[in-house]
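Counting in the numbering used here, the sequence shown runs from 547 upward without gaps.
Input: a single structure, listed below in structure tokens.
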Amino acid sequence: MERLEELKTEAAQELEAISNLKELEPWQVRYLGRKSALTQLLRGLAALPLEERKAVGAAANQVKAALEAGWKRKEAALKEIELAGLLGAKPTDVTLPGRPVSLGRLHPTTQTLRQICGIFAGMGFQVVEGPEVEWDYYNFEALNIPQGHPARDMWATFWIDVETEGGERPMLLRTHTSPMQIRIMEKTRPPVRVVVPGKVYRYEATDVTHEAMFYQIEGLAVDKTITMADLKGVLLEFARHLFGQERRVRFRCDYFPFVEPGMEMAIDCLMCQGAGCRLCGHTGWIEILGAGMVHPEVLRRVDYDPEIYTGFAFGMGIERIPMLRYGIDDIRLFYSNDLRFLRQF
Ligand code: DAH
547 MERLEELKTE AAQELEAISN LKELEPWQVR YLGRKSALTQ LLRGLAALPL EERKAVGAAA
607 NQVKAALEAG WKRKEAALKE IELAGLLGAK PTDVTLPGRP VSLGRLHPTT QTLRQICGIF
667 AGMGFQVVEG PEVEWDYYNF EALNIPQGHP ARDMWATFWI DVETEGGERP MLLRTHTSPM
727 QIRIMEKTRP PVRVVVPGKV YRYEATDVTH EAMFYQIEGL AVDKTITMAD LKGVLLEFAR
787 HLFGQERRVR FRCDYFPFVE PGMEMAIDCL MCQGAGCRLC GHTGWIEILG AGMVHPEVLR
847 RVDYDPEIYT GFAFGMGIER IPMLRYGIDD IRLFYSNDLR FLRQF
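As structure tokens, then:
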């Protein structure tokens, strides 16, 4: 009983001296916590004879209740003091302007891809995606570029080490989106009308116009009466949607093993409208894509009869387009994650 009285006075005195919330917590642990003298004393009651146990137990519980009440009172008082202090010292200026929360945005490549897919979707093309790790068969062989074909040098390739018996290297990071032409035709019968956006890879030293990874979009249409006029019409429509209704296009012969005839398309220069300037290398034209009529050999591979079906295909790099539009002079900016660059779009 004496010990209880002592505890009560001691605790009350200490509580009295406490002047901030930080000091209150150790006090609470010391006097009311699981290891406090009071808790231990309550546990020790069992050893006392019944009569004493009752008397000491009741007194101990009274002390406990008094300490708890004191603690609550003190806490409320301290909180009030703290709040008053805050209000007095740092008045809140409700007229201060808010802090803006910056919005996320789409990467310029994503924006461009979505726009391009939208244009082709408007002409009835489906949007399909495919694997970036590809078999030699789809990336080259089935596209009429067999082992040892000199055209393989057109694509500096990242080969993937796969164990094979013959020592050949059958897998790679796709160097273009064209392998999807084969995958799609293998799975479906004509008519086919698709575009394929996606990442491609080239084993190349990077500079202002070259990246080891970039995006392309592939287009493919196969049906019974498709001619080169369809190809030119679709691409002209596309160019005018993307670059402006006044755009002119130029088609010139080019070589790609999976098309015959093969060609490249250029648009008249966005900056000088064809007069010749720095942007177009003083030619008046800017080459933007490769295209052609699907090679009969490619159709035969996927069991499409080239006597019945014809088709056109095209493929283009994506980054080139925002580079032209916004005057971006280094392709490496696209994937170097510099927010000062990305926030501009
Ligand atoms: N795949 C070619 C490249 O990456 C681009 C290309 C050219 C795609 C002609 C085509 C095409 O579909 O018909 O260089």
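Backbone N, C-alpha and C define an ideal beta-carbon position, used for all residues, glycine too.
{"Asked": "Quick one: Cα of Leu888 to Cα of Arg651, how far?", "Found": "9 Å"}
{"Asked": "Ignore the nearest five residues each way along the sequence and tell me which others in Ala767's own chain have a CB closer than 6 Å to its CB.", "Found": "Arg739, Gly857, Phe858"}
{"Asked": "Smallest Cα separation from Trp681: which of Thr752, Ala583, Leu633, Asp707?", "Found": "Asp707"}
{"Asked": "Is any heavy atom in the ligand NAP found nearer than 7 Å to the beta carbon of Ala859?", "Found": "Annotation note on the ligand NAP: not contained in the displayed structure, which lists the ligand DAH as its ligands."}
{"Asked": "Kindly list the residues whose CB is nearer than 7 Å to the CB of Pro730, restricted to its own chain and excluding five residues on each side of it in sequence; keep chain order.", "Found": "A small correction: the amino acid at residue 730 is Ile; Pro does not occupy that position in the sequence shown. These residues qualify, in order along the chain: Val674, Val738, Val740, Leu766."}
{"Asked": "Quick one: what's got a C-beta closer than 7 Å to Glu865's C-beta in the same chain, skipping five residues either side?", "Found": "Thr655, Phe760, Tyr761, Ile877, Phe880"}
{"Asked": "Answer yes if the stretch 680-700 comes into contact with the stretch 836-844, meaning at least three C-beta pairs across the two stretches below 8 Å, and no otherwise.", "Found": "yes"}
{"Asked": "Could you check which residue in Arg549, Cys823, Ile834, Thr755 has the C-alpha nearest to that of Arg786?", "Found": "Ile834"}
{"Asked": "In the DSSP assignment, find the unbroken alpha helix (DSSP H) run with Tyr801 in it and report its ends.", "Found": "Counting along the chain, Tyr801 falls outside any alpha helix (DSSP H), and DSSP gives it neither H nor E."}
{"Asked": "Can you tell me where the alpha helix (DSSP H) with Gly779 in it begins and where it stops?", "Found": "774-789"}
{"Asked": "Give a yes or no on whether the minimum CB-CB distance between Ile627 and chain E is below 8 Å.", "Found": "Judged by its chain identifiers, the structure shown contains no chain E, having just a single protein chain."}
{"Asked": "If you check the beta carbons only, do Gly861 and Glu783 fall under 8 Å apart?", "Found": "no"}
{"Asked": "Considering only the beta carbon of each residue, do Gly616 and Ala558 sit closer than 8 Å?", "Found": "yes"}
{"Asked": "For Ile665, which option in Gly790, Glu709, Ile627 has the closest C-alpha, if you only look at C-alpha atoms?", "Found": "Gly790"}
{"Asked": "Measuring only the C-alpha atoms, how far is Leu649 from Leu642?", "Found": "21 Å"}
{"Asked": "How would you write the range of the beta strand (DSSP E) that Lys745 sits in, first residue to last?", "Found": "738-747"}
{"Asked": "Less than 8 Å between the beta carbons of Leu584 and Leu578, yes or no?", "Found": "yes"}
{"Asked": "With a Cβ-Cβ cutoff of 8 Å, do Phe802 and Gly836 count as a contact?", "Found": "yes"}
{"Asked": "Quick one: is the Cβ of Ser724 within less than 7 Å of any heavy atom of the ligand DAH?", "Found": "yes"}
{"Asked": "Return helix, strand or coil for Leu652, following the three-state DSSP convention.", "Found": "coil"}
{"Asked": "Please classify Gln727: does DSSP put it in a helix, a strand, or coil?", "Found": "helix"}
{"Asked": "Starting from the C-beta of Thr892, find all residues in its chain whose C-beta is less than 7 Å away, skip the five residues before and the five after it, and write them out in chain order.", "Found": "Residue coverage of the chain in this structure runs from 547 to 891, which leaves residue 892 outside it and unanswerable."}
{"Asked": "Out of curiosity, what's the CA-to-CA distance linking Leu567 and Thr638?", "Found": "23 Å"}
{"Asked": "May I have a chain-ordered list of the alpha helix (DSSP H) segments no shorter than 4 residues that lie completely inside the stretch 800-873?", "Found": "842-847, 866-872"}
{"Asked": "Of all the alpha helix (DSSP H) runs that stay within the bounds of the stretch 554-618, which reach a length of 4 or more residues?", "Found": "567-578, 583-590"}
{"Asked": "Starting from the Cα of Gln693, find the closest Cα among Glu551, Ile662, Ala667, Pro716 and give me that residue.", "Found": "Pro716"}
{"Asked": "Assuming Asp906 is part of the beta strand (DSSP E), what are its boundary residues?", "Found": "Beyond the ends of the chain as shown, which are 547 and 891, falls residue 906; an answer cannot be given."}
{"Asked": "Please classify Val679: is it buried, with 16 or more other beta-carbons within 10 angstroms of its beta-carbon, or exposed?", "Found": "exposed"}
{"Asked": "Can you have a look at Cys799 and say buried or exposed, based on whether 16 or more other CB atoms are within 10 angstroms of its CB?", "Found": "exposed"}
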